[in-house]
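Q: Numbering (this note's numbering), first residue to last: 682 to 1124. Quick one: this structure, given as structure tokens, is what I'll be asking you about.
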RNA sequence: GUGGCCGUAGCUCAAUUGGUUAGAGCACCGGAUUGUGAUUCCGGGGGUUGCGGGUUCAAUUCCCGUCGGUCACCCCA
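The following block contains the structure:
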């Protein structure tokens, strides 16, 4: 028995690869509409790239080892450090704002569970050098439009959005000591899943008074800027952030995705480096974990690369997204590639002519297949070869009636039966009238 | 790292309280038939029942371990 695939890794057979290609192609197609440019870095990085910065719970789950040169290395678990290094190295020369994206395969050594493997492909979209909220709106807009491009709509997913600055202002307004904020964040993050009394207990342990504690426990109920204004609008320190969020919302409506937006103060995002608006995309039925997450991290480039530039970005993995698309029937039409043309020779058609014909058609960008045995090309009955063609999903069969003349037959259900006769004897790679074939293929 | 559930053909599953040579459909391969074809029929390959040990006259079945899968916790790209 040959070794199996490692736990948490995937083999992509053609059917699965088609799904993967569909996802990655769609990512690229939509992101390019927003004029983002693709980049990439090494899949293997110095371990130090991930351990140097603080707040790395990731380190314990790194796929790391010593290479043959004794270097401590790690398979990249996230793209941001690489991105930060690349931007920092040329920060002066890059036209701002930088709008780049990447589709790296990322690795993580942890026990797999639903929606989480040890490897996945993740779209990373980032903007560097713009602090205005319009950049935040642009970013979320891309994420939402991508999901829409997969055929998902308002009934399938929505965006939960918060703002670290707003949240901090609210906590300050409630006179919660800054030292307790991380604990409050942790509670907010689990507010939905954790029993209320457990949350209350943790908040009390963090030093919150009764009023602050009850207010925080009720944060989930604030689902709009207006709701917050009623309660906190009187405070100028809070109002400034509410105004910004309102502007953000306004931009998103103008971008056509405002309906997907939902203010949600319980969206915290685990990573400590977020500094502004943060968001996560969820399926509407709450069946899967977050499809996508991101936000503004204005201090990270400075911490990582020594360059003081505002930045924001998000990541979207192929695993959860793929599960959601499959569950919602959005992968039905994703098909494995099949040949355009299947060539079936007659007794009088030489093997060489079959090969020549295939070559001409292939020069015309058509995918061509035929039985790969000189003997069978002639011994196998045309009916059987026709069956081969159908099994392969060929769109048309080129069935020779004599040495060089062939009948073009459309297979499949749609236009099955349509046909034309062509004389392949006149075909050369440079001069070939393939119009009858191309028209039957709908080209 | 902790815990629950589950491992039979490529896939979906079956196999009497533990009992003969572990079966079926689909898929795959070969053939017959049908000159417009997704039909039908015949045949074939494919399994150390995840692996190892134990109990037993006898283990796919019961027990232990291990590996793998899955779900949850932890944590979160």
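Backbone N, C-alpha and C fix where the C-beta goes; we use that ideal spot for every residue, glycine too. Just so we're clear, the structure is a prediction, and the values are computed from it rather than from any experiment.
Mapping the DSSP letters down to three states, classify residue 839 as helix, strand or coil.
A: For this step, residue 839 is matched to residue 158 along the first chain. If DSSP states are grouped into helix, strand and coil, residue 839 belongs with the strands.
Q: Out of curiosity, what's the CA-to-CA distance linking residue 831 and residue 987?
A: Taking the first chain and counting its residues from 1, one reaches residue 831 at position 150. Taking the first chain and counting its residues from 1, one reaches residue 987 at position 306. Taking the straight line joining both Cα atoms gives about 38 Å.
Q: Hey, how far is the Cα of residue 1015 from the Cα of residue 762?
A: Against the first chain, residue 1015 aligns to sequence position 334. Against the first chain, residue 762 aligns to sequence position 81. Taking the straight line joining both Cα atoms gives about 34 Å.
Q: For residue 1036, count neighbouring C-beta atoms within 10 Å of its own C-beta (all shown protein chains included) and say buried if the count is 16 or more, exposed if not.
A: The residue labelled residue 1036 in the question sits at position 355 within the first chain. Exposed, by the Cβ-count rule.
Q: Are the Cβ atoms of residue 1050 and residue 1018 separated by less than 7 Å?
A: The residue given as residue 1050 occupies position 369 in the first chain. The residue given as residue 1018 occupies position 337 in the first chain. Taking 7 Å as the Cβ cut-off, residue 1050 and residue 1018 do not qualify as a contacting pair.
Q: Could you give the DSSP three-state label for residue 729: helix, strand or coil?
A: Here residue 729 refers to the residue found at position 48 when the first chain is read from its first residue. Helix, per DSSP.
Q: Helix, strand or coil, according to DSSP, for residue 911 in the structure here?
A: Here residue 911 refers to the residue found at position 230 when the first chain is read from its first residue. Note: residue 911 maps to helix in three-state DSSP.
Q: Kindly identify the DSSP beta-bridge partner or partners of residue 973.
A: One-based indexing of the first chain puts residue 973 at position 292. Answer is 962 and 997, bridged to residue 973.
Q: Based on the DSSP secondary-structure assignment, which residues constitute the bridge partners of residue 696?
A: Taking the first residue of the first chain as position 1, residue 696 is located at position 15. Answer by DSSP bridge pairing: none, since residue 696 is not bridged.
Q: Rank 780, 718, 1106 and 946 by C-alpha distance to the C-alpha of residue 637 and give the top, closest one.
A: Because the chain here runs from 682 to 1124, residue 637 falls outside it and cannot be looked at.
Q: Do the region 822–840 and the region 964–973 meet, that is, are 3 or more Cβ pairs less than 8 Å apart?
A: Yes: the two stretches touch, three or more of their Cβ pairs being nearer than 8 Å.
Q: What number of angstroms, rounded off, separates the C-alpha of residue 996 from the C-alpha of residue 949?
A: Position 315 of the first chain, counting from 1, holds the residue named residue 996. Position 268 of the first chain, counting from 1, holds the residue named residue 949. About 15 Å.
Q: Pick from 889, 797, 994 and 723: whose alpha carbon is nearest that of residue 690?
A: To locate residue 690, count along the first chain from 1; it is residue 9. When only C-alpha atoms are compared, the closest one is 797.
Q: Can you name the start and end residues of the beta strand (DSSP E) that residue 1086 belongs to?
A: Position 405 of the first chain, counting from 1, holds the residue named residue 1086. Unbroken beta strand (DSSP E) run through residue 1086: 1086–1091.
Q: Identify every residue that forms a DSSP beta bridge with residue 844.
A: Here residue 844 is taken as the residue at index 163 of the first chain, counted from 1. Answer is 958, bridged to residue 844.
Q: Give me, in chain order, the residues of the same chain whose beta-carbon lies closer than 7 Å to that of residue 713; leave out the 5 immediate sequence neighbours on both sides.
A: Locating residue 713 in the first chain gives position 32, where the first residue counts as 1. Once the five neighbours on either side are set aside, residue 713 has no close Cβ partner at all.
Q: By how many angstroms is the C-alpha of residue 861 removed from the C-alpha of residue 958?
A: Here residue 958 corresponds to residue number 277 of the first chain, with the count starting at 1. Here residue 861 corresponds to residue number 180 of the first chain, with the count starting at 1. Going from the Cα of residue 958 to the Cα of residue 861 covers about 21 Å.
Q: Quick check on residue 1109: buried or exposed, where buried means 16 or more other Cβ atoms within 10 Å of its Cβ?
A: Within the first chain, the letter at position 428 stands for residue 1109. By the neighbour-count rule (16 or more Cβ atoms within 10 Å), residue 1109 is not buried but exposed.
Q: Are the region 892–906 and the region 775–789 touching, with three or more C-beta to C-beta distances below 8 Å?
A: No, the region 892–906 does not touch the region 775–789.
Q: Expressed to the nearest angstrom, what Euclidean distance is found between the alpha-carbon atoms of residue 1058 and residue 695?
A: As a working mapping, residue 1058 is identified with position 377 in the first chain. As a working mapping, residue 695 is identified with position 14 in the first chain. Distance between the alpha carbons of residue 1058 and residue 695 is about 26 Å.
Q: So the candidates are 858, 859, 863 and 899; which of them puts its Cα closest to the Cα of residue 878?
A: Walking along the first chain from the start, residue 878 turns up at place 197. Closest by alpha carbon: 899.
Q: At which residues does the alpha helix (DSSP H) containing residue 918 begin and terminate?
A: The count along the first chain starts at 1 and reaches residue 918 at position 237. Per DSSP, residue 918 belongs to the alpha helix (DSSP H) from 917–935.
Q: Jot down the residue ranges of each uninterrupted beta strand (DSSP E) in the region 757–785, minimum 3 residues, whole runs only, in chain order.
A: If we require 3 residues or more, the beta strand (DSSP E) runs fully inside the region 757–785 come out as 779–783.
Q: So, is residue 746 buried or exposed, given that buried needs 16 or more other C-beta atoms within 10 angstroms?
A: What you label residue 746 is simply residue 65 of the first chain in a count that begins at 1. With fewer than 16 other Cβ atoms within 10 Å, it is exposed.
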